[in-house]
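First comes the structure, then the notes that go with it.
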Amino acid sequence: MLFKDIPGLFDIKKTLSAAVQNQHIAHAQLFHGPYGGPQLAMALAFTTYLFCTNRQGEDACGVCASCQKMKRAVHPDLVFLFPTIVTKKVKEPESDIFLPEWRNFIAESTYRTLPEWLVFLGAEGNKQGNFPVEETRKLIPKISLKPFEAPFKVVILWNPESLNASSGNALLKTLEEPPSTTLFLLVCSEPQKLLATILSRTQRVKIPSVEENALADFLVEQSTIDAEKAWQLAQSAEGNIAWALEKSKTENLSTSTWFAEWMRAVYAKNLSKLVILADQFDGFAKEDQKGLLEYSLHVLRQCLYQISGAPQLIKSLEKEKKFIDNFSKTLNQEKIEKMSSKVSDVHYHLERNARAKMVHLDLSLQFVRIYHAQ
Numbered sequence: 011m012l013f014k015d016i017p018g019l020f021d022i023k024k025t026l027s028a029a030v031q032n033q034h035i036a037h038a039q040l041f042h043g044p045y046g047g048p049q050l051a052m053a054l055a056f057t058t059y060l061f062c063t064n065r066q067g068e069d070a071c072g073v074c075a076s077c078q079k080m081k082r083a084v085h086p087d088l089v090f091l092f093p094t095i096v097t098k099k100v101k102e103p104e105s106d107i108f109l110p111e112w113r114n115f116i117a118e119s120t121y122r123t124l125p126e127w128l129v130f131l132g133a134e135g136n137k138q139g140n141f142p143v144e145e146t147r148k149l150i151p152k153i154s155l156k157p158f159e160a161p162f163k164v165v166i167l168w169n170p171e172s173l174n175a176s177s178g179n180a181l182l183k184t185l186e187e188p189p190s191t192t193l194f195l196l197v198c199s200e201p202q203k204l205l206a207t208i209l210s211r212t213q214r215v216k217i218p219s220v221e222e223n224a225l226a227d228f229l230v231e232q233s234t235i236d237a238e239k240a241w242q243l244a245q246s247a248e249g250n251i252a253w254a255l256e257k258s259k260t261e262n263l264s265t266s267t268w269f270a271e272w273m274r275a276v277y278a279k280n281l282s283k284l285v286i287l288a289d290q291f292d293g294f295a296k297e298d299q300k301g302l303l304e305y306s307l308h309v310l311r312q313c314l315y316q317i318s319g320a321p322q323l324i325k326s327l328e329k330e331k332k333f334i335d336n337f338s339k340t341l342n343q344e345k346i347e348k349m350s351s352k353v354s355d356v357h358y359h360l361e362r363n364a365r366a367k368m369v370h371l372d373l374s375l376q377f378v379r380i381y382h383a384q
């Protein structure tokens, strides 16, 4: 991954390359950006530039031995840590065991999300990726060795939001006294979920959303869609490149269809249908459940723009705009605020392993009350 492979974002690329050129590199950096955004791609491009033996101005050459190893994610001075799961074959998971799968995963695309990774691993039911505390402890001997080829040994820790208290504290000890030749790059989309002590020991590098025009051009290059659809997707993505890439390959809008069916049942006070939908919701994977709730917040936000007289702010696909237009006519600002608050509450409880069917059915009933309140 080179800087030039990432669409747009010229300012942050220049800042990162200048840090390498001036040798002003913090030992622990937090690359944070939008969900499904370019932060992992940027961390890999930054590492490639750092390791490159024949830099071309503000980018790596892409052809030296180091760049070729980085392209295949096999550089001996690159260490990956990422959430893992227990499987039938793996009872004590850690990143090294799943490294072949991880390399294939990021070879497909570097714009990835945790739900995609869990699906790639074949996670079933409500399994959520995590970092075993033993893995963060084993990191110490890994980084105690001097770099083999590069000036630094780089640890890319993807999705550190999945660190629990124990694994987070174990990592903290490493961050407090890292070897002088080790660089930590924490890559995340929700830095507020990290331990405050970890945040205080990292230099925050905000990776902005890719500009809409640059993203539209990128989507045209990466798929067979026309410029008009690419522009619609770029406007709707809200920084989520992973989502935009997926939508560029398929017309499947199952999430929006399911949400629309749910809201019609709420509107009709159709209790039997709401029970069926709660059963369906219970059968979805945990990350898919969260995704539906996040999509619900997205639609409610678009409806708020509509009723506030700011339709130019609406970012949705053409197929969704008609639903948003009709749906917003049945709402007001107070109802949207209450419904959004309830969705956020359910998202919070799902992350703490509440029974999905119960919380979703309760949310549906609260929606009915809010929706039909005078």
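Using the numbering used here, read the sequence shown as starting at 11 and increasing by one per residue.
Glycine included, each C-beta is placed from N, C-alpha and C at the ideal position.
Since this is a predicted model, take the numbers as computed values, not measurements.
Rounded C-alpha distance that separates residue i from residue j
i: residue 9; j: residue 57; result: Only positions 11 to 384 of the chain appear in the structure, and residue 9 is not among them; the question remains open.
i: residue 128; j: residue 122; result: 11 Å
i: residue 199; j: residue 46; result: 8 Å
i: residue 69; j: residue 118; result: 22 Å
i: residue 325; j: residue 271; result: 21 Å
i: residue 153; j: residue 63; result: 22 Å
i: residue 65; j: residue 358; result: 46 Å
i: residue 223; j: residue 27; result: 23 Å
i: residue 102; j: residue 300; result: 26 Å
i: residue 245; j: residue 321; result: 13 Å
i: residue 208; j: residue 215; result: 14 Å
i: residue 254; j: residue 202; result: 25 Å
i: residue 319; j: residue 341; result: 13 Å
i: residue 366; j: residue 291; result: 7 Å
i: residue 188; j: residue 67; result: 30 Å
i: residue 158; j: residue 235; result: 44 Å
i: residue 24; j: residue 34; result: 13 Å
i: residue 17; j: residue 225; result: 6 Å
i: residue 113; j: residue 293; result: 30 Å
i: residue 59; j: residue 83; result: 14 Å
i: residue 30; j: residue 71; result: 15 Å
i: residue 233; j: residue 280; result: 41 Å
i: residue 22; j: residue 170; result: 22 Å
i: residue 238; j: residue 104; result: 43 Å
i: residue 288; j: residue 371; result: 5 Å
i: residue 263; j: residue 85; result: Bear in mind that a pLDDT of 44 at residue 263, under 50, signals an unreliable position, so the number given afterwards is only what the model happens to contain. When rounded, the distance between both Cα atoms is 39 Å.
i: residue 337; j: residue 177; result: 44 Å
i: residue 6; j: residue 373; result: This structure gives no information on residue 6, because the portion of the chain shown stretches from 11 to 384.
i: residue 363; j: residue 298; result: 14 Å
Whole-angstrom C-beta distance between residue j and residue i, which should lie under 8 Å
i: residue 19; j: residue 48; result: 7 Å
i: residue 111; j: residue 131; result: 6 Å
i: residue 120; j: residue 50; result: 5 Å
i: residue 296; j: residue 138; result: 6 Å
Residues that DSSP places opposite residue i in a beta bridge
i: residue 42; result: 198, 216
i: residue 168; result: 197
i: residue 335; result: Partner(s): none; residue 335 has no beta bridge.
i: residue 66; result: 69
i: residue 223; result: Note: residue 223 sits in no beta bridge, so no partner.
i: residue 140; result: 94
i: residue 192; result: 163
Bounding residues of the alpha helix (DSSP H) (the contiguous stretch that carries residue i)
i: residue 185; result: 175–186
i: residue 89; result: Where residue 89 is concerned, there is no enclosing alpha helix (DSSP H), although the beta strand (DSSP E) it sits in stretches over 88–91.
i: residue 21; result: 20–31
i: residue 58; result: 49–61
i: residue 357; result: 343–361
i: residue 77; result: 75–81
i: residue 236; result: Where residue 236 is concerned, there is no enclosing alpha helix (DSSP H), given that its DSSP letter is neither H nor E.
i: residue 128; result: 124–131
i: residue 313; result: 296–317
i: residue 279; result: Careful: residue 279 lies outside any alpha helix (DSSP H) and carries neither H nor E.
i: residue 252; result: 251–259
i: residue 379; result: 366–381
i: residue 115; result: 109–118
i: residue 207; result: 206–209
Contact check, residue i vs residue j, beta carbons under 8 Å
i: residue 88; j: residue 80; result: yes
i: residue 205; j: residue 229; result: no
i: residue 376; j: residue 352; result: yes
i: residue 147; j: residue 185; result: no
i: residue 303; j: residue 315; result: no
i: residue 141; j: residue 193; result: no
i: residue 41; j: residue 197; result: yes
i: residue 381; j: residue 277; result: yes
i: residue 383; j: residue 213; result: no
i: residue 356; j: residue 369; result: yes
i: residue 307; j: residue 350; result: yes
i: residue 107; j: residue 100; result: yes
i: residue 13; j: residue 55; result: yes
i: residue 249; j: residue 282; result: no
i: residue 217; j: residue 52; result: yes
i: residue 309; j: residue 286; result: no
i: residue 160; j: residue 266; result: no
i: residue 126; j: residue 252; result: yes
Residue i beta carbon near the ligand FMN (any heavy atom closer than 7 Å)
i: residue 176; result: As far as ligands go, the structure on display features none, and thus does not contain the ligand FMN.
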